[in-house]
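In the numbering used here, the protein residues as written are 3 to 474. Note sheet for the following structure.
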Ligand SMILES: [Zn+2]
């Protein structure tokens with residue numbers, strides 16, 4: 003037996019010493035415990051660095067690159083390293099969810115239960131919406147299927163083992179945002195067949211829209227009804243709230259069939275505005291993400307020699323498709339957390355990622371709504387329209403008191419001192435001030451209670467007056 007000492011910045015050295023291998027970790031730990039070092043921080047400061055790099059045998063997942071390992075990121079698996087410490091590669095038999103592989107059956111053949119690109123035949127459209135491909139060679143999706151909602155607003159969910167405690171807390175904060183405005187309730191999954199699995203991902207945020215039965219998107223150990231939600235943006239900003247909006251059944255605001263009255267999209271119908279701003283990139287294969295010329299077809303995206311790793315030139319115009327069969331709720335909402343940003347899929351941005359200033363807009367607000375050019379795509383709050391849309395989606399306003407609603411019009415489960423039921427189906431109680439969610443006295447509105455305001459209202463200002471679009 004030999005003692006393996008990993009040296010910082012160098013390959014491992016082997017020291018022939020049977021005895022030290024066993025006693026070194028024991029001694030160092032015992033010294034710390036015995037208090038021979040006055041403070042643990044000082045102990046770390048003055049203890050020889052190699053004392054803490056002692057290991058006994060090569061261990062995959064310990065963060066140390068051992069002989070025989072391609073990688074070791076210190077976790078069970080990462081976006082670049084499989085759980086067996088081999089590099090991520092579709093076809094190696096190890097599905098890596100963090101890297102975007104939804105399956106891996108050990109080959110790169112499609113039609114055998116796992117697609118050739120390990121995506122299970124799904125593709126991300128509109129930046130973050132997971133849908134099934136119409137065909138592998140045609141990265142478009144077939145219309146907007148009817149959205150299936152979570153029964154009675156209850157959404158069972160689980161967290162992937164790689165989710166940290168801080169991430170889990172962040173997720174619950176995002177969940178609170180929706181639960182406060184709509185009759186929905188996320189619950190820890192017990193044995194429900196359809197549920198969400200929250201998975202950390204190195205590159206992507208994406209979700210299916212509503213309940214999509216049998217996606218089989220969660221990997222080994224999960225039933226087919228498990229529905230993955232990938233999150234990479236755990237920091238501030240309402241990216242998670244946006245993904246939860248999808249998971250609850252919302253699509254992107256700019257897919258509304260009436261959107262062309264409010265915004266101009268570079269969909270070819272307005273070539274003088276910004277058609278040239280939309281990305282045209284190779285999709286898949288070794289040239290994934292490289293600019294290409296659609297007029298040259300797939301030839302502009304070369305295949306990787308010796309593999310079936312085909313890539314094709316993708317015109318991202320399809321990311322802006324209308325949803326003619328989508329049923330809009332409420333007025334067009336420039337401030338929706340579900341609206342695209344003005345530079346999404348722009349040639350001025352990295353592949354598929356939003357940017358703050360690219361100088362090559364792909365969406366432009368129309369007259370007289372120019373003031374919203376910098377509003378669209380906001381990820382800082384749920385808008386009034388988001389709140390009303392989600393409440394409406396889950397039955398608020400249908401005259402039936404649903405399980406998660408506090409009240410519904412005159413049908414109420416409120417206490418006797420309630421003033422009534424607000425438009426989000428929550429009981430209103432008096433405290434006599436602007437901001438209590440109750441329209442009182444000379445208030446035109448209060449918080450999300452804007453039913454008394456007319457069309458084109460942006461929301462309710464801090465003085466409880468309706469805030470309208472400026473028609474200059
Ligand atoms: Zn989205």
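Backbone N, C-alpha and C fix where the C-beta goes; we use that ideal spot for every residue, glycine too.
Ligand 1 heavy atom lying under 7 Å from the CB of residue i
i	result
residue 1	Residue numbering for the chain in the displayed model covers 3 to 474; residue 1 lies beyond these limits and cannot be assessed.
residue 244	yes
residue 254	yes
residue 224	no
residue 483	No information on residue 483 is available, as it lies outside the stretch 3 to 474 that the chain covers here.
CB contact check: residue i to chain D, cutoff 8 Å
i	result
residue 76	This model lacks chain D altogether, as it is built from one protein chain only.
Boundaries of the alpha helix (DSSP H) in which residue i is found, first to last residue
i	result
residue 242	241-250
residue 183	Unbroken run through residue 183: none, as it is neither H nor E.
residue 395	386-395
Length of the line joining the Cα atoms of residue i and residue j
i	j	result
residue 219	residue 257	25 Å
residue 182	residue 302	49 Å
residue 49	residue 230	In this prediction, residue 49 has a pLDDT of 39, which is less than 50 and means its spatial position is unreliable; what the coordinates show is noted afterwards. Approximately 45 Å, taken between the alpha carbons.
residue 23	residue 61	Note that residue 23 scores 39 on pLDDT, short of 50, meaning its location in the model is unreliable; the coordinates nonetheless yield the value given after this. Whole-angstrom Cα-Cα distance: 16 Å.
residue 155	residue 119	34 Å
residue 254	residue 266	15 Å
residue 86	residue 74	9 Å
residue 158	residue 193	9 Å
residue 105	residue 214	17 Å
residue 233	residue 130	10 Å
residue 149	residue 250	9 Å
residue 228	residue 384	27 Å
residue 426	residue 390	6 Å
residue 378	residue 461	15 Å
residue 126	residue 161	21 Å
residue 342	residue 292	23 Å
residue 334	residue 63	49 Å
residue 548	residue 326	The question about residue 548 has no answer here: the residues shown for the chain are numbered 3 through 474.
residue 438	residue 322	39 Å
residue 164	residue 224	15 Å
residue 465	residue 444	10 Å
residue 419	residue 469	30 Å
residue 117	residue 199	21 Å
residue 76	residue 68	12 Å
residue 296	residue 281	10 Å
residue 100	residue 331	35 Å
residue 169	residue 324	34 Å
residue 289	residue 122	21 Å
residue 456	residue 410	22 Å
residue 133	residue 217	10 Å
First and last residue of the uninterrupted beta strand (DSSP E) at residue i
i	result
residue 340	First-last for residue 340: undefined, no H or E at that position.
residue 462	459-462
residue 263	Neither: residue 263 is in no beta strand (DSSP E) and is coded neither H nor E.
residue 199	197-202
residue 230	228-233
residue 316	314-317
residue 158	156-161
residue 366	365-367
residue 107	Neither: residue 107 is in no beta strand (DSSP E) and is coded neither H nor E.
residue 1	In the structure displayed, the chain extends from 3 to 474; residue 1 sits before or after that span and is not available.
residue 419	Residue 419 -> no beta strand (DSSP E), and no H or E assigned at all.
residue 283	282-285
residue 468	468-470
**Q.** Any 3 or more C-beta pairs closer than 8 Å across the stretch 227-245 and the stretch 169-179
**A.** Three or more Cβ pairs drawn from the stretch 227-245 and the stretch 169-179 lie within less than 8 Å of each other, which places the two stretches in contact.
Q: Taking 8 Å as the threshold, find out whether the stretch 361-369 comes into contact with the stretch 395-406 through three or more Cβ pairs.
A: no
Q: Tell me, please, whether the stretch 185-192 touches the stretch 385-401 by the rule of three or more beta-carbon pairs shorter than 8 Å.
A: A contact is defined here as three or more CB-CB pairs under 8 Å, and the stretch 185-192 meets this definition with respect to the stretch 385-401.
Q) Contact between the stretch 88-95 and the stretch 202-221: three or more CB pairs below 8 Å? A) no
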